[in-house]
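Residue numbers (our numbering), protein chains in the order written: chain A, 1 to 268; chain B, 269 to 524.
Given below as structure tokens:
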């Protein structure tokens, strides 16, 4: 299964070429990820798994342009990434919703910032509200649109956070352990929600997680990361037919794959 | 959610109990009225000197609120500035802390040399004493933005100003309003200190004049009026705080 990421017929949408990222100033730099190369096709769903502290989140900072690469190159949509790219949506373990905004207003936030939406927000407000409500409805939150985030359960907050990440139709969706703080039942519900949203909108997704079942359920391709400084140690394609359901996760093939991934992580 | 009747009754009962206890203690221990007048004697004094107290209370309230309003304006602006720009913070920090460390009583004589006796020194003293906590709280509020939230906004291409406007300002508001409650009581201290040292008007002046005549009940009447104004102002800003930053208090009524 281990193979070098190669571009196939089309040029990949997201490309990392020998990219490294370090924190800290001159002299005492701490290398978080080292010499990472990967290619992600447009509309592909990839997951990055690995032990904690292996620089998984740093990889997202590279792709989003929030942190520049120390060495190597990051290319998104044919352009080298040097500053934050506004075609991405992000969601974190912590829902980071604004407590003074209702759920609906939280989802609308990116449209007040990202161009061209921000420029005509007032004029198109009604249309944008409809768009947000449609998105909320698709994750089952419509009746909570007027509620504040602190009135929602953890799972509902994450649903709203996903809506916020997707409202401006980003071409890249970056997810940093979005379901890490949820209980098992809620988490599995949200796998399904995320899969549905992805099928509908087909953004390119980079999911960072340490839940191997989650990665195997959601992703087309799983990259396994080594401990710090993080390197890609294996690339694994998931061929389970979609849409995947919770039943999929109990099939022997799925269980074996998860077991195999676990061994790969343990080996490093 | 309305508080139960008993909870609302408690502050009144305790306050009343305090005065009753005071009255009884003075009466029981035969405390001289020149040392500590009884609440009933203070009440009589208030009624007797009603016009003078009212006039001077207005003066004190006026200087306090003008000074406080200046402090809110400057404190908010400078707090946002030093909270958003670390370089400004680093640059102004020594001067600001130094200025705040100066006892305000020591400044009043200087203000009198500059502006003469009366209203202006009281306003300025109220301003300088209440300015600092507002500024510090606003700056602290800005520093509490979650790094992930900042990332979300930056990844959307938000400018520093947009992050400040959409996230920084709102998240600093609970800190700002909390500081107002403290700052308004500090502003009273400032204006009264100035009136006590150098003024011909205001409750502070009234008390100094009264104590020169050994009219201790009137001195205490002044103290009582100051306390009352402080409580009212605190309640006003507490109410505004609860209305504006309801989302920061959530269901927890202990803090409010």
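Cβ atoms here follow ideal geometry from the backbone N, Cα and C, with glycine treated the same way.
Computed from a prediction, not measured in an experiment: that's the story for all the values here.
Apart from the five residues just before and just after residue i, which ones in its own chain have a Cβ nearer than 7 Å to its Cβ?
{"i": "residue 492 of chain B", "result": "310"}
{"i": "residue 64 of chain A", "result": "84, 85, 88, 90 and 174"}
{"i": "residue 278 of chain A", "result": "Nothing can be reported for residue 278 of chain A, as the shown portion of chain A is limited to 1 through 268."}
{"i": "residue 150 of chain A", "result": "99"}
{"i": "residue 219 of chain A", "result": "45, 46, 47, 207 and 238"}
{"i": "residue 209 of chain A", "result": "47, 49, 177 and 215"}
{"i": "residue 479 of chain B", "result": "487"}
{"i": "residue 339 of chain B", "result": "395, 398, 399, 402, 451 and 455"}
{"i": "residue 349 of chain B", "result": "356"}
{"i": "residue 2 of chain A", "result": "Because residue 2 of chain A sits at a pLDDT of 38, beneath the cut-off of 50, its placement in the model cannot be relied upon, and the point is left open."}
{"i": "residue 360 of chain B", "result": "350"}
{"i": "residue 412 of chain B", "result": "439"}
{"i": "residue 291 of chain B", "result": "306, 307 and 308"}
{"i": "residue 301 of chain B", "result": "309, 484 and 485"}
For residue i, which residues does DSSP report across the bridge?
{"i": "residue 209 of chain A", "result": "Per DSSP, none; premise fails for residue 209 of chain A."}
{"i": "residue 237 of chain A", "result": "A:221"}
{"i": "residue 204 of chain A", "result": "A:172"}
{"i": "residue 246 of chain A", "result": "In the DSSP output, where bridge partners are listed per residue, residue 246 of chain A has none listed."}
{"i": "residue 262 of chain A", "result": "For residue 262 of chain A, which the question treats as bridged, DSSP gives no partner whatsoever."}
{"i": "residue 352 of chain B", "result": "DSSP output for residue 352 of chain B lists no bridge partner at all."}
{"i": "residue 15 of chain A", "result": "A:39 and A:75"}
{"i": "residue 21 of chain A", "result": "A:33"}
{"i": "residue 232 of chain A", "result": "A:225"}
Under 6 Å Cβ to Cβ from residue i, same chain only, skipping five residues before and after it: list those, please.
{"i": "residue 431 of chain B", "result": "421"}
{"i": "residue 155 of chain A", "result": "182 and 186"}
{"i": "residue 347 of chain B", "result": "403, 406 and 407"}
{"i": "residue 380 of chain B", "result": "389 and 466"}
{"i": "residue 81 of chain A", "result": "65 and 74"}
{"i": "residue 279 of chain B", "result": "none"}
{"i": "residue 392 of chain B", "result": "379"}
{"i": "residue 313 of chain B", "result": "485, 486 and 489"}
{"i": "residue 448 of chain B", "result": "505"}
Between the Cα of residue i and the Cα atoms of the options, which residue gives the shortest distance?
{"i": "residue 335 of chain B", "options": "B:459, B:467 and B:484", "result": "B:459"}
{"i": "residue 33 of chain A", "options": "A:23, A:40, A:245 and A:189", "result": "A:23"}
{"i": "residue 116 of chain A", "options": "A:52, A:60, A:205 and A:168", "result": "A:168"}
{"i": "residue 160 of chain A", "options": "A:172, A:171 and A:146", "result": "A:146"}
{"i": "residue 37 of chain A", "options": "A:232, A:236 and A:261", "result": "A:232"}
{"i": "residue 277 of chain A", "options": "A:18, A:17 and A:56", "result": "Nothing about residue 277 of chain A can be reported from this structure: the residues present for chain A run from 1 to 268 only."}
{"i": "residue 13 of chain A", "options": "A:202, A:258 and A:252", "result": "A:202"}
{"i": "residue 196 of chain A", "options": "A:153, A:107, A:243 and A:209", "result": "A:243"}
{"i": "residue 227 of chain A", "options": "A:52, A:39 and A:215", "result": "A:52"}
{"i": "residue 322 of chain B", "options": "B:500, B:471 and B:502", "result": "B:471"}
{"i": "residue 164 of chain A", "options": "A:131, A:70, A:54 and A:68", "result": "A:131"}
{"i": "residue 502 of chain B", "options": "B:412, B:333 and B:359", "result": "B:333"}
{"i": "residue 330 of chain B", "options": "B:509, B:463 and B:510", "result": "B:463"}
{"i": "residue 198 of chain A", "options": "A:224, A:179, A:229 and A:162", "result": "A:162"}
{"i": "residue 200 of chain A", "options": "A:252, A:16 and A:170", "result": "A:170"}
{"i": "residue 343 of chain B", "options": "B:433, B:444, B:507 and B:285", "result": "B:444"}
{"i": "residue 439 of chain B", "options": "B:427, B:273, B:414 and B:324", "result": "B:414"}
{"i": "residue 157 of chain A", "options": "A:133, A:128 and A:190", "result": "A:190"}
{"i": "residue 59 of chain A", "options": "A:21, A:180, A:253 and A:107", "result": "A:21"}
{"i": "residue 509 of chain B", "options": "B:295, B:473, B:446 and B:371", "result": "B:446"}
{"i": "residue 324 of chain B", "options": "B:294, B:428 and B:476", "result": "B:476"}
Closer than 6 Å to a non-hydrogen atom of the ligand MN - does that hold for the CB of residue i?
{"i": "residue 170 of chain A", "result": "Among the components modelled here there is no ligand, and therefore nothing to report on the ligand MN."}
Which residues in the same chain have their Cβ closer than 8 Å to the Cβ of residue i, if we skip the five residues on either side of it in sequence?
{"i": "residue 417 of chain B", "result": "435"}
{"i": "residue 118 of chain A", "result": "111 and 112"}
{"i": "residue 441 of chain B", "result": "409, 512, 513 and 516"}
{"i": "residue 468 of chain B", "result": "385 and 386"}
{"i": "residue 287 of chain B", "result": "307"}
{"i": "residue 275 of chain B", "result": "none"}
{"i": "residue 494 of chain B", "result": "328, 456, 460 and 471"}
For a cutoff of 7 Å on Cβ pairs, would you count residue i as touching chain D?
{"i": "residue 515 of chain B", "result": "In the structure shown, chain D cannot be found, because the protein chains are A and B."}
Within 9 Å of chain A by C-beta, residues of the stretch 486-503 of chain B in sequence order:
If you check each beta-carbon in the stretch 486-503 of chain B against every beta-carbon of chain A, none falls closer than 9 Å.
Which runs of the alpha helix (DSSP H) fall wholly inside the stretch 42-123 of chain A and span at least 4 residues, in chain order?
Taking only runs of at least 4 residues, the alpha helix (DSSP H) segments lying wholly in the stretch 42-123 of chain A are 56-64 and 103-108.
Interface residues of the stretch 52-75 of chain A facing chain B [CB-CB below 7 Å]
Those would be 64 and 66, in chain order.
Using a beta-carbon distance cut-off of less than 8 Å, what residues from the stretch 95-111 of chain A approach chain B?
Residues of the stretch 95-111 of chain A with a Cβ closer than 8 Å to any Cβ of chain B, in chain order: 96, 98, 99, 100, 109 and 110.
Any C-beta of chain A within less than 8 Å: which residues of the stretch 414-425 of chain B qualify?
Close to chain A, meaning a Cβ-Cβ distance shorter than 8 Å, are the following residues of the stretch 414-425 of chain B: 414, 416, 417, 419, 420, 421, 422, 423, 424 and 425.
Interface residues of the stretch 138-150 of chain A facing chain B [CB-CB below 7 Å]
Hits within the stretch, in order: 148 and 150.
Using a Cβ-Cβ cutoff of 8 Å, what residues of the stretch 112-134 of chain A are near chain B? List them in chain order.
For the stretch 112-134 of chain A, which is checked against every Cβ of chain B, the residues closer than 8 Å are 112, 113, 114 and 115.
Could you name the residues of the stretch 435-462 of chain B whose beta carbon sits closer than 9 Å to any beta carbon of chain A, in the order they occur along the chain?
If the cut-off is 9 Å between Cβ atoms, the stretch 435-462 of chain B has 435, 438, 439 and 441 near chain A.
Just by C-beta distance, which residues in the stretch 151-177 of chain A are closer than 7 Å to chain B?
Along the stretch 151-177 of chain A, there is no position whose C-beta sits under 7 Å from a C-beta of chain B.
Whole runs of the alpha helix (DSSP H) within the stretch 426-454 of chain B, excluding any shorter than 4 residues:
Counting only runs of at least 4 residues, the stretch 426-454 of chain B fully encloses the following alpha helix (DSSP H) elements, listed from N- to C-terminal order: 428-431.
Could you give the uninterrupted runs of the alpha helix (DSSP H) lying entirely in the stretch 358-415 of chain B, keeping only those of 4 residues or more?
Qualifying alpha helix (DSSP H) stretches, in chain order: 372-383 and 387-411.
Interfacial residues, the stretch 213-230 of chain A to chain B, with Cβ spacing under 8 Å:
Under the 8 Å Cβ criterion, the stretch 213-230 of chain A contributes no residue.
Every unbroken alpha helix (DSSP H) inside the stretch 143-194 of chain A [4 residues or more]:
Correct list: 154-166.
Looking at chain A, which residues of the stretch 313-331 of chain B have a Cβ within less than 8 Å of any of its Cβ atoms?
Listed by position along the chain: nothing, the set is empty.
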